[in-house]
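K.L.:
My questions will all concern the structure given below.
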Amino acid sequence: APSSVLRQKNEPDYATESLNAPVGKLAQALMNDPAINNLGKKKSLPSAWKKHVEELLDLEGNLRRHALAMFTYSLGWFFVRDSRWTQANLISVLTTDAEDQKAFWSGFFWNPKVHSKLFEILKPYLIRLVQDKSVEKQGHLNTLSAILLTYWWHVLPKTGTRFVSNAEMREILLHADDNFRVHTLWQAKNFLTGKKADRKHLPIFLRDVWPRHKKAKSLNIQKQHIPLI
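In structure tokens:
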């Protein structure tokens, strides 16, 4: 679900715009096409259907962005069924135009379902997003911090390694702004201290992840930090 955080004036929200935009409606029609109804995970996307999706993505300006936001809402669905096509036609946007990137994230954060293989590909872009001020303006900061913390928390059983290492998470927090750190502590309180939480992660988070730098000790941080101790 979209974040309840209010967005700044003049900051485009391509996902919301796409719901009523003509191209957005065409994209919705494609996602409801009988050709892909009940398409199992092991079945590839029909070539003719993908061609129609590509035609919308080949449009210019906001027309393209409205289509992009509608399709990245279902990014995980695309990736499971055709990861190579998804990387070439959707994820590749993250190396191009800044407004196209905003459209990508606008759709993605409305439905942020990220399984492990998709996370491994999105990881550098998500980390880069931490320092992008437009993320907070669009109300996605809480979701972003939750995704990164979830994949720090997730330990691979065979190797004992994390998708986001202690060092990586510490660097993320060190170079983020105070709002992101506050959001992350709030998420940590939910993830690591709940009734069903594996509490062994909490001392690791406080000891090996949380930065010692003075910038990570603001008054807002201290208010969030105390319940974790």
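Numbering (our numbering), first residue to last: 232 to 460. Just so it is clear, CB atoms sit at the ideal spot from N, CA and C, and this is done for glycine as well. Given the structure is predicted, the values throughout are model-derived calculations rather than measurements.
1. Using only the alpha-carbon positions, how far apart do D328 and R430 sit?
2. Run the CB neighbour count on Q362, radius 10 Å, all protein chains shown included, and call it buried at 16 or more, exposed below.
3. Counting pairs of Cβ atoms below 8 angstroms between the stretch 402-422 and the stretch 375-383, do you hit three or more?
4. Give the range of the alpha helix (DSSP H) segment to which I378 is assigned.
5. Determine, using beta-carbon pairs with one atom in the stretch 340-360 and one in the stretch 261-268, whether at least three such pairs fall under 8 angstroms.
6. Just to confirm before moving on: does the CB-CB distance between A447 and R412 stay below 8 angstroms?
7. If F340 sits next to L299, beta carbons under 8 angstroms apart, how far is it from one beta carbon to the other, in whole angstroms?
8. Work out the CA separation of D289 and R359 for me, nearest whole Å.
9. Report all residues from its chain with a CB closer than 6 angstroms to the CB of F309; omit the five preceding and five following residues, and keep chain order.
10. Which stretch, first to last residue, makes up the alpha helix (DSSP H) that contains A331?
11. At the level of alpha carbons, what is the spacing between A279 and K256?
12. Alpha carbon to alpha carbon, how far is W441 from A266?
13. Would you report the Cα separation of K445 and E402, rounded to the nearest angstrom?
14. Closest to D331 by C-alpha separation, out of H432, P434, D439 and P243, would be which residue?
15. Going straight from the alpha carbon of N410 to that of K389, what length do you get?
16. Pop quiz: G338 and A246 are said to be a contact at Cβ under 8 angstroms. What is the actual Cβ separation, rounded to whole angstroms?
17. Assign R393 to one of three DSSP states: helix, strand, or coil.
18. Could you give the DSSP three-state label for A407: helix, strand or coil?
P.N.:
By the coordinates alone:
1. If you draw a straight line from the Cα of D328 to the Cα of R430, it comes to about 42 angstroms.
2. Under this definition Q362 is an exposed residue.
3. Taking 8 angstroms as the limit for Cβ pairs, the verdict is that the stretch 375-383 does touch the stretch 402-422.
4. Looking at the DSSP string, the run of the alpha helix (DSSP H) that includes I378 is L372 to W384.
5. Contact between the stretch 340-360 and the stretch 261-268 is absent, because fewer than three Cβ pairs lie under 8 angstroms.
6. Between A447 and R412, the C-beta spacing is below 8 angstroms.
7. Between the beta-carbon of F340 and that of L299 there is about 13 angstroms, and that puts the pair past the 8 angstroms contact cut.
8. Cα to Cα, R359 sits roughly 26 angstroms from D289.
9. Sequence-distant Cβ neighbours of F309 in its own chain, meaning closer than 6 angstroms and more than five residues away, are T317.
10. Per the sequence shown, residue 331 should be read as Asp rather than Ala. Boundaries of the alpha helix (DSSP H) around D331: A329 to F339.
11. Those two C-alpha atoms are separated by around 19 angstroms.
12. In this structure, the alpha-carbon of W441 lies about 49 angstroms from that of A266.
13. If you take the alpha carbons of K445 and E402, they lie about 14 angstroms apart.
14. The closest CA to that of D331, considering only H432, P434, D439 and P243, is found on P243.
15. Cα to Cα, N410 sits roughly 35 angstroms from K389.
16. About 5 angstroms separates the two Cβ atoms, so the contact holds.
17. If DSSP states are grouped into helix, strand and coil, R393 belongs with the strands.
18. Here A407 carries a coil assignment [DSSP, helix/strand/coil].
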